[in-house]
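What follows is a single structure, written as structure tokens, with notes after it.
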Amino acid sequence: MSARDTILQRLRNRTGDQLPTPERDFTAMERPDWSTGDKLARFRSAMEPVHGEIHNCRGGDWVATLSGLLSDRRVSRMLVGSGAEPLATLRASTQELPDILVYDEPVENWQQHLFNDVDAGLTTTRGGIAETGSLILWPTAEEPRLTSLVPPIHVALLKASELFGTLREAMAAQQWSHGMPTNALLVSGPSKTADIEQTLAYGVHGPRELIVLVVE
Amino acid sequence: MNEQKASDTVDVREFHPRARAALADPQIRQNFRSAMDGLMGKRRTAFEGWDLEALRTLGASVRQNALAHLPDLLEQLEARLTANGIRVHWALDGDEACRIVTDICRARDAHSVIKGKSMVSEEMHLNHHLEQHGIDALESDLGEYLVQLAGETPSHIIMPAIHKNTGEISELMHDRTGTERSTDVEYLTASARQQLREKFMNADVGISGVNFAVAETGTLCLVENEGNGRMTTTVPPCHIAVTGIEKVVPTLADMSALLALLTRSATGQHITTYFNMISGPRRGEELDGPEEVHVVLVDNGRSGIYQDDELIDTLRCIRCGACMNHCPVYTRVGGHAYGTTYPGPIGKILMPHLIGLDEGRHLPSASSLCGACGEVCPVKIPIPDLLVRLRRESVDGDRLHPSVVRGHGAKRSTAEALAWKTWQWVHAHPAAYRLGTAAASHLRALQPDRLGAWTQYRSAPKLAARTLHQQVKDRRS
Ligand code: SF4
Numbered sequence: 001m002s003a004r005d006t007i008l009q010r011l012r013n014r015t016g017d018q019l020p021t022p023e024r025d026f027t028a029m030e031r032p033d034w035s036t037g038d039k040l041a042r043f044r045s046a047m048e049p050v051h052g053e054i055h056n057c058r059g060g061d062w063v064a065t066l067s068g069l070l071s072d073r074r075v076s077r078m079l080v081g082s083g084a085e086p087l088a089t090l091r092a093s094t095q096e097l098p099d100i101l102v103y104d105e106p107v108e109n110w111q112q113h114l115f116n117d118v119d120a121g122l123t124t125t126r127g128g129i130a131e132t133g134s135l136i137l138w139p140t141a142e143e144p145r146l147t148s149l150v151p152p153i154h155v156a157l158l159k160a161s162e163l164f165g166t167l168r169e170a171m172a173a174q175q176w177s178h179g180m181p182t183n184a185l186l187v188s189g190p191s192k193t194a195d196i197e198q199t200l201a202y203g204v205h206g207p208r209e210l211i212v213l214v215v216e
Numbered sequence: 001m002n003e004q005k006a007s008d009t010v011d012v013r014e015f016h017p018r019a020r021a022a023l024a025d026p027q028i029r030q031n032f033r034s035a036m037d038g039l040m041g042k043r044r045t046a047f048e049g050w051d052l053e054a055l056r057t058l059g060a061s062v063r064q065n066a067l068a069h070l071p072d073l074l075e076q077l078e079a080r081l082t083a084n085g086i087r088v089h090w091a092l093d094g095d096e097a098c099r100i101v102t103d104i105c106r107a108r109d110a111h112s113v114i115k116g117k118s119m120v121s122e123e124m125h126l127n128h129h130l131e132q133h134g135i136d137a138l139e140s141d142l143g144e145y146l147v148q149l150a151g152e153t154p155s156h157i158i159m160p161a162i163h164k165n166t167g168e169i170s171e172l173m174h175d176r177t178g179t180e181r182s183t184d185v186e187y188l189t190a191s192a193r194q195q196l197r198e199k200f201m202n203a204d205v206g207i208s209g210v211n212f213a214v215a216e217t218g219t220l221c222l223v224e225n226e227g228n229g230r231m232t233t234t235v236p237p238c239h240i241a242v243t244g245i246e247k248v249v250p251t252l253a254d255m256s257a258l259l260a261l262l263t264r265s266a267t268g269q270h271i272t273t274y275f276n277m278i279s280g281p282r283r284g285e286e287l288d289g290p291e292e293v294h295v296v297l298v299d300n301g302r303s304g305i306y307q308d309d310e311l312i313d314t315l316r317c318i319r320c321g322a323c324m325n326h327c328p329v330y331t332r333v334g335g336h337a338y339g340t341t342y343p344g345p346i347g348k349i350l351m352p353h354l355i356g357l358d359e360g361r362h363l364p365s366a367s368s369l370c371g372a373c374g375e376v377c378p379v380k381i382p383i384p385d386l387l388v389r390l391r392r393e394s395v396d397g398d399r400l401h402p403s404v405v406r407g408h409g410a411k412r413s414t415a416e417a418l419a420w421k422t423w424q425w426v427h428a429h430p431a432a433y434r435l436g437t438a439a440a441s442h443l444r445a446l447q448p449d450r451l452g453a454w455t456q457y458r459s460a461p462k463l464a465a466r467t468l469h470q471q472v473k474d475r476r477s
């Protein structure tokens with residue numbers, strides 16, 4: 001008999017009593033219906049203590065904010081997905097921006113370059129979670145997974161209108177149970193570790209900095 | 001059953017000498033004390049404003065429901081994962097799981113493996129096995145990386161290198177990798193980042209654990225802060241996830257409840273930096289991600305624990321480590337004293353199933369039964385009750401229950417058994433009892449003042465001059 005069948009058979013032919021199935025009461029996880037303003041404030045108060053940097057922008061203003069932040073950091077090359085947005089807005093902008101590298105080739109063709117020469121990655125988000133200060137990332141062929149992981153700075157665009165109270169709210173509203181992408185992520189700050197004597201250090205394997213541009 | 005291979009060097013039975021040595025080492029005590037104090041404080045703060053009792057009840061009910069439907073959920077998970085393009089393997093024990101992983105590596109002609117944190121792979125002694133087959137396995141979680149550099153095993157399930165302080169780590173990195181000596185944690189971290197980046201790029205296979213496996217969508221969830229888990233599961237062309245069969249939950253909503261409890265209980269974080277949900281290999285037009293994803297579902301004793309109405313609660317565990325952070329024994333002796341893959345309270349109730357009560361005979365007794373572990377456990381595992389059950393089983397075994405734990409009765413001693421038999425008989429026979437207590441009162445002068453460890457910090461209790469029966473009689477008359 002295969003290991004699979006042996007394991008399943010052992011579990012099915014369990015010797016003891018009927019196992020308990022107590023009711024699952026999720027009330028303890030519920031949060032009040034926060035207004036957008038409340039959600040923004042909570043998002044900020046959850047993300048800032050873990051070193052996420054948040055900037056509020058109005059409409060297309062975000063490019064101006066981005067331009068300032070990137071030139072302060074001397075970013076010379078920024079990775080962007082190949083989707084229509086935000087690429088079109090960046091290209092149409094007259095702001096001073098770093099060289100834009102479009103992620104449109106399989107990573108195998110340019111891995112060294114990606115790991116060694118890219119200073120920042122810009123991604124969209126599929127919303128955020130106020131309670132925990134998290135961004136929902138939903139990588140696709142147009143916005144591949146490594147954009148938010150390999151470059152030392154990750155810039156994420158978040159629409160204020162897409163801020164949810166809790167993870168459960170987001171999952172229900174976006175019907176995650178109907179199908180998940182190959183990879184989905186919650187990102188709540190820059191990469192960090194406390195493995196050396198409980199002392200926090202940022203930028204271990206992922207980005208050292210996370211910048212969130214909240215577009216209202 | 002997969003015997004502990006670490007026990008080539010570490011004998012689990014030698015708990016007492018190791019504990020004594022750790023207690024006499026001020027550095028170890030200092031390192032653990034300060035780390036555990038920090039973690040306890042952070043956990044308290046993270047749950048402020050929550051109804052923690054209600055949350056723990058929810059956590060327990062989520063896990064209990066999942067366990068009640070375990071075989072169905074595993075089949076559902078397998079079907080969803082397969083539909084998503086993930087290959088599913090089943091392993092009865094650690095050795096079989098190691099073989100499956102090695103075979104996948106061989107089929108890809110893989111020589112270098114990069115690993116994310118996985119306690120199940122520690123349980124399987126996977127690194128050892130891969131090495132024997134000429135495959136290089138490098139740990140990428142910073143704590144695990146340091147432990148591997150030192151040739152040690154993790155001393156904590158969440159913070160593997162917690163037994164070392166910055167100075168010791170600086171020395172270690174200097175010796176092994178040529179890093180400049182420094183007490184600047186940022187510098188040490190940056191050096192490790194540099195050393196590991198190359199490895200990520202060149203690894204043939206990435207191996208990770210799994211925190212939760214969601215049956216309804218066929219999703220593997222990983223919790224982490226560093227990003228090494230994302231690297232491991234995204235950069236190499238092949239990803240292998242190894243997980244215990246108990247990690248499956250029915251729905252995303254169940255997962256969200258456990259996630260809320262896990263990170264707050266473990267490190268006092270509302271959420272970790274990354275919550276990585278993997279539901280398939282690179283697909284269609286995608287430009288990155290592994291072309292192959294495998295899952296190895298590992299039993300290794302779990303279906304045995306599953307048979308027992310009490311011990312099954314052990315399988316609720318979500319590996320948060322809160323029980324060790326709050327354990328007065330763990331905090332003092334540290335993780336290595338136990339000599340087991342999982343140290344602390346969870347280790348004491350889990351390891352006897354993996355290695356048997358013969359080898360693990362001291363584990364259930366390495367506790368003061370203060371109850372702290374049971375009080376903090378986010379899924380309400382009655383750890384102290386299970387310790388008592390295992391203690392009973394280690395001396396009595398089958399006579400109490402049809403036992404599912406190997407090596408039950410291993411600690412039974414004829415002298416102790418006889419002493420308790422006599423005690424039982426005397427208490428059931430009033431005449432003998434009176435004779436015995438009267439004799440004890442008369443001979444009280446002969447009672448020694450020193451009673452070994454008991455009188456090291458206390459004075460010995462004195463037998464009364466007159467027995468209770470006699471005193472009651474005096475009062476009545
Ligand atoms: S037994 Fe409970 S407290 Fe201990 S690691 Fe498991 S879930 Fe956490």
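Residue numbers (UniProt numbering), protein chains in the order written: chain A, 1 to 216; chain B, 1 to 477.
All C-beta atoms in this analysis are idealised placements derived from N, C-alpha and C, irrespective of residue type, glycine included.
Item	Value
Does the beta carbon of A:Ile-7 sit closer than 8 Å to a beta carbon anywhere in chain B?	yes
So which of A:Ile-100, A:Gly-179, A:Thr-193 and A:Leu-163 has the shortest CA-CA distance to B:Met-277?	A:Gly-179
Taking the C-alpha atoms as reference points, what is the distance between A:Glu-143 and A:Gln-111?	16 Å
Quick test of the definition: if touching needs 3 or more C-beta pairs under 8 Å, does the region 125 to 132 of chain A touch the region 91 to 102 of chain A?	no
From A:Glu-216 to B:Leu-149, what distance separates their C-alpha atoms?	49 Å
Closer than 8 Å by beta-carbon distance: list the chain A residues that pair up with B:Ser-279, in chain order.	Met-180, Pro-181, Thr-182, Asn-183 and Ala-184
What residues of chain B sit near A:Arg-42, judged by a beta carbon separation below 8 Å?	Under the 8 Å cutoff, chain B gives no residues; its nearest Cβ is about 11 Å from A:Arg-42.
For chain A, is any of its Cβ atoms less than 8 Å away from the one on B:Ser-61?	yes
Cβ of B:Cys-323 within 7 Å of any heavy atom in the ligand SF4?	yes
Quick one: does the C-beta of B:Val-379 sit closer than 7 Å to a heavy atom of the ligand SF4?	yes
If you drop the 5 nearest sequence neighbours on each side, which residues of the same chain put their C-beta closer than 7 Å to that of A:Leu-146?	Val-107 and Leu-114
For the region 279 to 297 of chain B and the region 189 to 209 of chain A, state whether three or more C-beta atom pairs, one from each stretch, are separated by less than 8 Å.	no
Can you give the beta carbon distance from B:Ser-121 to B:Val-242, rounded, assuming they're within the 8 Å contact cut?	5 Å
In its own chain, which residues sit with a C-beta less than 6 Å from the C-beta of A:Ser-2, not counting the 5 before and 5 after it?	none
Within 8 Å (strictly less), CB to CB, does A:Ala-156 reach chain B?	no
For B:Asn-325, go through chain A and note every residue whose CB falls closer than 7 Å to its CB, in chain order.	Correct list: empty, because the minimum Cβ distance to chain A is about 12 Å.
Going along chain B in order, which residues have a C-beta closer than 8 Å to the C-beta of A:Trp-176?	Thr-217 and Leu-252
Given a cut-off of 8 Å on the beta-carbon distance, is the pair residue 222 of chain A and A:Leu-101 in contact?	Since the first residue of chain A shown is 1 and the last is 216, residue 222 of chain A is not available in this structure.
Given a threshold of 16 other Cβ atoms within 10 Å of its Cβ, counted over all protein chains shown, does B:Asn-202 qualify as buried or as exposed?	exposed
Taking contact to mean 3 or more Cβ pairs, one atom from each stretch, closer than 8 Å, check whether the region 31 to 43 of chain B and the region 294 to 312 of chain B are in contact.	no
With a cut-off of 8 Å, do at least 3 Cβ pairs link the region 330 to 339 of chain B to the region 267 to 284 of chain B?	no
Going by DSSP, name the residue or residues bridged to B:Trp-90.	B:Leu-297
Could you tell me the distance, in whole angstroms, from the CA atom of B:Ser-208 to the CA atom of B:Leu-222?	9 Å
Helix, strand or coil for B:His-129 per DSSP?	helix
Based on the DSSP secondary-structure assignment, which residues constitute the bridge partners of A:Asp-99?	A:Arg-77
Name the DSSP beta bridge partners of B:Asp-136, please?	B:Ser-112
Judging by CA-CA distance, which residue of A:Glu-209, A:Asp-5, A:Leu-167 and A:Gly-203 is the nearest neighbour of A:Lys-39?	A:Leu-167
If the cut-off is 7 Å on Cβ atoms, which residues from the region 84 to 108 of chain B count as contacting chain A, listed in chain order?	Trp-90, Ala-91, Leu-92 and Glu-96
Check each candidate in B:Gly-151, B:His-408 and B:Ala-91 and name the one with the smallest Cα separation from A:Arg-4.	B:Ala-91
Is A:Asn-56 helix, strand or coil when you go by DSSP?	strand
Against chain B, does A:Leu-146 count as a neighbour if the rule is that its beta carbon must be under 8 Å from one of theirs?	yes
Thinking just about the alpha-carbon of each residue, which of A:Thr-140, A:Glu-131 and A:Leu-185 is nearest to the one in B:Ala-46?	A:Glu-131
Within its chain, find whatever has a CB closer than 8 Å to the CB of A:Ala-97; leave out the 5 residues flanking it on each side and keep chain order.	It should be noted that the sequence gives Leu, not Ala, for residue 97 of chain A. Answer for A:Leu-97: Val-63, Leu-66, Ser-67, Leu-70, Met-78 and Leu-90, listed in chain order.
Could you give the DSSP three-state label for B:Phe-47: helix, strand or coil?	coil
Quick one: which chain A residues come within Cβ less than 7 Å of B:Phe-275?	Leu-185 and Leu-186
For residue 485 of chain B, collect the residues of the same chain with a Cβ closer than 8 Å to its Cβ; drop the 5 residues on either side in sequence, then sort them by chain order.	In this structure chain B extends from 1 to 477, so residue 485 of chain B is not present and cannot be described.
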